[in-house]
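I have placed the structure first, in the form of structure tokens, so that the comments after it can refer back to it.
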Amino acid sequence: MKKFLFTTLVFSCLGVFCITFLYIGINWATDKTASFESVGSPTYIVLGHSHPACAFNDSLIDNFKNF
């Protein structure tokens, strides 16, 4: 029983360490490479995949930004 609990604890700690490392690494990479700055301050924004990206033309709508 002791061996099982020790193995479970080690496996859980490794899993938590890996997930934490991935989370920190992904956030660091995003902060270094991504630019989410907007020119001005739009009243409305659209976030999404290709459907809203192609559906809304932000140059035709006032106070609107399509990310």
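Numbering-wise (the numbering used here), the sequence shown opens with residue 4 and increments by one.
We treat Cβ as the ideally placed atom computed from N, Cα and C, and that holds for glycine.
In chain order, what residues of the same chain lie with their CB nearer than 8 Å to the CB of residue i, ignoring the 5 residues before and after it?
i   : result
F67 : P45, T46, Y47, I48, V49, F59 and D61
N69 : I48, V49, P55, A56, F59, N60 and D61
Output the distance between the C-alpha atoms of residue i and residue j, rounded to the nearest integer angstrom.
i   : j   : result
G51 : M4  : 50 Å
K27 : K35 : Sequence check: residue 27 is Ile here, not Lys. Going from the Cα of I27 to the Cα of K35 covers about 12 Å.
F20 : L63 : 48 Å
S38 : W31 : 13 Å
F9  : S53 : 48 Å
T23 : K6  : 26 Å
I29 : C16 : 20 Å
Measuring alpha carbon to alpha carbon, tell me which residue in the options is nearest residue i.
i   : options              : result
F43 : D65, K35, K6 and L17 : For clarity, residue 43 is Gly in the given sequence; the question names Phe instead. For the residues D65, K35, K6 and L17, the minimum Cα distance to G43 belongs to D65.
What does residue i pair with, by DSSP beta-bridge criteria?
i   : result
Y47 : F67
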